[in-house]
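Written out below as structure tokens is the structure these notes cover.
Number of protein chains: 4
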Amino acid sequence: MNQAIAQSKTNKQKRNKLDKRQAVLDAALTLFVENGFHGTSTASIAKHAGVATGTLFHHFATKDAILTELFVTIKTRFASEITSKAALNGDFEHDANALWQQAIDWALANPLQQAFFLHFSLSSEIPSNTRNMAMHDILGFLVDMLKQGQQQGELCQYPIELMLENCHGQYLAAIRFFTDNPQLGIDPNHRNASFQLFWRAIKA
Amino acid sequence: MNQAIAQSKTNKQKRNKLDKRQAVLDAALTLFVENGFHGTSTASIAKHAGVATGTLFHHFATKDAILTELFVTIKTRFASEITSKAALNGDFEHDANALWQQAIDWALANPLQQAFFLHFSLSSEIPSNTRNMAMHDILGFLVDMLKQGQQQGELCQYPIELMLENCHGQYLAAIRFFTDNPQLGIDPNHRNASFQLFWRAIKA
Amino acid sequence: MNQAIAQSKTNKQKRNKLDKRQAVLDAALTLFVENGFHGTSTASIAKHAGVATGTLFHHFATKDAILTELFVTIKTRFASEITSKAALNGDFEHDANALWQQAIDWALANPLQQAFFLHFSLSSEIPSNTRNMAMHDILGFLVDMLKQGQQQGELCQYPIELMLENCHGQYLAAIRFFTDNPQLGIDPNHRNASFQLFWRAIKA
Amino acid sequence: MNQAIAQSKTNKQKRNKLDKRQAVLDAALTLFVENGFHGTSTASIAKHAGVATGTLFHHFATKDAILTELFVTIKTRFASEITSKAALNGDFEHDANALWQQAIDWALANPLQQAFFLHFSLSSEIPSNTRNMAMHDILGFLVDMLKQGQQQGELCQYPIELMLENCHGQYLAAIRFFTDNPQLGIDPNHRNASFQLFWRAIKA
DNA sequence: GATGAATGAGGGTTCATTCAT
DNA sequence: TATGAATGAACCCTCATTCAT
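Chains A, B, C and D are the protein sequences, given in the same order. Using our numbering, the first residue of the first sequence is number 114, and each one after it goes up by one. Using our numbering, the first residue of the second sequence is number 114, and each one after it goes up by one. Using our numbering, the first residue of the third sequence is number 114, and each one after it goes up by one. Using our numbering, the first residue of the fourth sequence is number 114, and each one after it goes up by one.
This is the structure in structure tokens:
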């Protein structure tokens, strides 16, 4: 029972520690989206998070490190969520559509993360190596899908790198549209149209 | 002869004045592309331009004003150049292709301006009103073309705002690809593929 | 046997306790010599010593206290070692030479302590009262020797305080030279010359 | 006459500019001596000098740069002053004494600079390359004198580097003594004794 | 005794902008 | 018009020290 108490204490400690760390991340996410990276001071992040500036730098070596961690975390959560939730059945167009709609849903369900994504995916405010790494990880499964689609004769045979960049551009355009017009996010017409534009461009 | 000399002096003075103003813009363009907006100090712009910091602020009220002027100037020059150079003949697909290829050519011919464009057209480093204004002006003729194309039955009938965003996204993707792979800019295969992706998405 | 185990545990605990304290001192010595007092953070000392920052402050009230303890410890060890090892025989020049050579030997045998000594005996990075106290203790036996030498007619009759300062200066100069040129530390020529300069200045 | 006025204006401008720069150096000299390098903040220097913190960094790239400039300036002024004021006549002992006494006089006449000198000549608070450079420049004429003295048979024949270090050490000891006991600076007894100790050590 | 997360004042430095010349 | 010295708030980050566990 003493052990149980000790264990509990340890857990609470860890919980508190992680809480502060998470509070910093949460505050940074909000402020970065609102004011941009350079427009947000570490002091304001700390204040927003309810911690001292020293605490911020106890958990993150650098202001940049906060941005990087946000970037990687959001990207990872996004990728795992849409691939796990999409109901794939092996039919190429069906699967492409399933993933596409899940990605749109994710954007609508996580407006803050989505705004962060649009803000920083292409921004020069984050180190390009971080951006490239994250982009490559996100697009990794896309590359596989495109190659497979071309082999199966389901997709047009244009150069893969060009198609990849095109898909990325169309994806960003779609989520920008639905972020700007959230009320149309539940309209089947627009949802379907967004996929059709994408699909018509790349299908065989 | 005295008059001639005076005239000459006046001209040279005006020339010098404009030279300094232009020198600031040129230096700012280079440095903004290289280091970003926040990464470039007004002092470094002035030094690069060969003028004093005070001079810089005689010609531009604000550091932001330099960015805005660069943005508007480049956007205007871009729009006028591609519309004037494209040989249109009334056939919809032909004209769309002509404009598309001109836009790609412009990007390849003006790498600095193009880099600036990619850097800042979506960046949060510039005031959103500046970005929106510039974007709207650029996309103005696109809206007209899209509406006309739908009326003539040449384009698919998806919601116009969604298509507009999609076109913009595909355009940025294309120039990003050709900027990253300049050697492919003269390859007819890739040039044609980039247009085909775009065209297949939106054609009827 | 249980007692033996308990005893063993207690000893080990005490050993551990002293170990940690000593580990802090060792780490501080190395880092102070390497980076100076202000250039060394308590965090880095703790890390180097393999203890937590809190542990460091259980053993030393203050960062300054670490420096002071190092200073006093090294000074004491130095003084006791050279006086105990020097073979004195009552002849004044012989005894002076014996002490001088022992002091040089100590410097060569304890390079870290010696570097610490040169770094901090005149540095303003340590509180002046600490420095003065330590200096006075070291020079104490020197004062006695000088006075005795003058009474015996072995030394010149210049004001004692001036001679004391002069001896101190020559001593620091010698160990600085041999620290900078360690290979000459075993050269009898240089060793003897260093003493002769010192002795010629003060002998009768 | 307009020209005269313009010239006057320009001079006043330059005067003002140099005044602020000099004010920073003066304030830094006082504060560095009083609190040490690390104990003095750039903010306090600026406040003491009556300028804004930005002004300080307009004139000096770095806090270190202030220290370096002080070091070089004081060293140069010291060297030029004692060599120009000393009345040399070619007799070796006479010339050595003349320089020695001038050096002591300089210390007594410039107590702040002297305190700075004692504080930082051997301190690890300044970059070692700066210290070495300055030391070498100061000791340059000493090296020449020592070599010449040995060739003429006026000085003892111990290794030159060791003698150099010894002279430096004795010099610092002497000025430390007279700085600590300023009332003895006009006592011929102590003045002569300080030279005799030095001279007896190195003479043939 | 040992831990290490938390603190927040203070550090050196930057920078857009002003203004007297 | 052109200059560049001057400004001072704001920046990111460090650090000796504390204290709950």
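All C-beta atoms in this analysis are idealised placements derived from N, C-alpha and C, irrespective of residue type, glycine included.
Contact of ALA165 (chain B) with chain A is not assigned, every C-beta pair being separated by 7 Å or more. Taking each of C:LEU268, C:ALA306, C:PRO301 and C:TRP219 in turn and checking the Cα distance to LEU310 (chain D), the smallest one comes out for C:LEU268. According to DSSP, residue pairing for LYS316 (chain A) in a beta bridge involves A:LEU268. For LEU144 (chain A), the closest C-alpha among the options A:GLN226, A:ALA211 and A:ARG190 is that of A:GLN226. ALA220 (chain B) and HIS161 (chain A) have their C-alpha atoms spaced approximately 43 Å apart. Judged by beta-carbon spacing, LYS188 (chain D) lies within the 7 Å limit of ALA247 (chain D), meaning their Cβ atoms are closer than that value. Spatial neighbours of GLY203 (chain C) in its own chain (CB-CB distance under 6 Å, excluding positions within 5 residues in sequence) are not present. Taking a C-beta distance under 7 Å as the contact criterion, ILE273 (chain A) and LEU285 (chain A) do not qualify as a contact pair. HIS232 (chain C) and THR292 (chain B) have their alpha carbons spaced roughly 57 Å apart. In this structure, the CA atom of GLN296 (chain A) is about 24 Å from the CA atom of ARG244 (chain B).
Distances from the CA of ILE288 (chain A) to each of B:HIS172, B:GLU278, B:THR196 and B:ASN302 were compared; the closest alpha carbon is that of B:GLU278. Within its own chain, the residues whose Cβ lies closer than 7 Å to the Cβ of GLY262 (chain A), once the five positions on either side in sequence are excluded, are PHE205 and LEU268, listed in chain order. For ARG244 (chain D), no chain C residue has a Cβ inside 8 Å of its Cβ, as the nearest lies near 12 Å away. Pairing ALA192 (chain B) with ASN242 (chain B), the inter-Cα distance amounts to about 19 Å.
A residue is called buried once 16 or more other Cβ atoms fall within 10 Å of its Cβ, and GLY266 (chain D), having fewer, is exposed. In the three-state reduction of the DSSP assignment, LEU201 (chain A) falls in the coil class, being assigned neither a helical nor a strand state. DSSP places PRO301 (chain A) within a helical segment (H, G or I) once states are collapsed to three. Ranked by how close their Cα comes to the Cα of ALA216 (chain C), the residues C:ILE179, C:LEU180 and C:GLU194 have C:GLU194 in first place. Residue burial is scored here from C-beta neighbours: PHE308 (chain A) has at least 16 other C-beta atoms within 10 angstroms and is therefore classed as buried. Following the DSSP letters along the chain, one finds ASN279 (chain D) inside the alpha helix (DSSP H) bounded by residues 273-293. No Cβ-Cβ contact shorter than 7 Å links VAL146 (chain A) with LEU169 (chain A).
For PRO224 (chain A), there are no C-beta contacts with chain B under 7 Å, since the nearest C-beta of that chain is about 16 Å from it. Classified as buried, LEU180 (chain B) has 16 or more neighbouring CB atoms from the shown chains inside 10 Å of its CB. When DSSP states are grouped into helix, strand and coil, HIS151 (chain A) belongs to the coil group. Flagged as an interface residue toward chain B: SER237 (chain A), by a C-beta distance shorter than 7 Å. Unbroken alpha helix (DSSP H) stretches of 4 residues or longer found wholly inside the region 217-272 of chain D: 224-233 and 241-264, given in chain order. Taking ASP132 (chain A) as reference, the option from A:LYS198, A:ASN148, A:HIS172 and A:CYS280 with the minimal CA-CA separation is A:HIS172. Taking 8 Å as the upper bound on Cβ-Cβ separation, chain C lies near residues ASN302, HIS303, ALA306, SER307, GLN309, LEU310, PHE311, ARG313 and ALA314 of the region 299-314 of chain D. The Cβ of GLN265 (chain C) sits no closer than 7 Å to any Cβ of chain D.
Not one beta carbon of chain A lies nearer than 7 Å to the beta carbon of ALA141 (chain B).
The C-beta distance from ALA199 (chain C) to ALA211 (chain C) rounds to 4 Å, short enough to meet the 8 Å contact threshold. Listed along the chain, the chain D residues whose CB falls inside 7 Å of the CB of GLY282 (chain C) are GLY282, GLN283, LEU285 and ALA286.
For LEU275 (chain D), a Cβ of chain C is located within less than 7 Å of the residue's own Cβ. Of the residues assessed, ALA306 (chain C) falls on the buried side of the cut-off, its CB having 16 or more other CB atoms within 10 angstroms. Approximately 4 Å separates the beta-carbon atoms of GLU238 (chain A) and PHE150 (chain A); this is inside 8 Å, confirming the contact. Residues are counted here when their Cβ sits less than 7 Å from a Cβ of chain D; for the region 142-154 of chain C these are GLY149 and HIS151, given in chain order.
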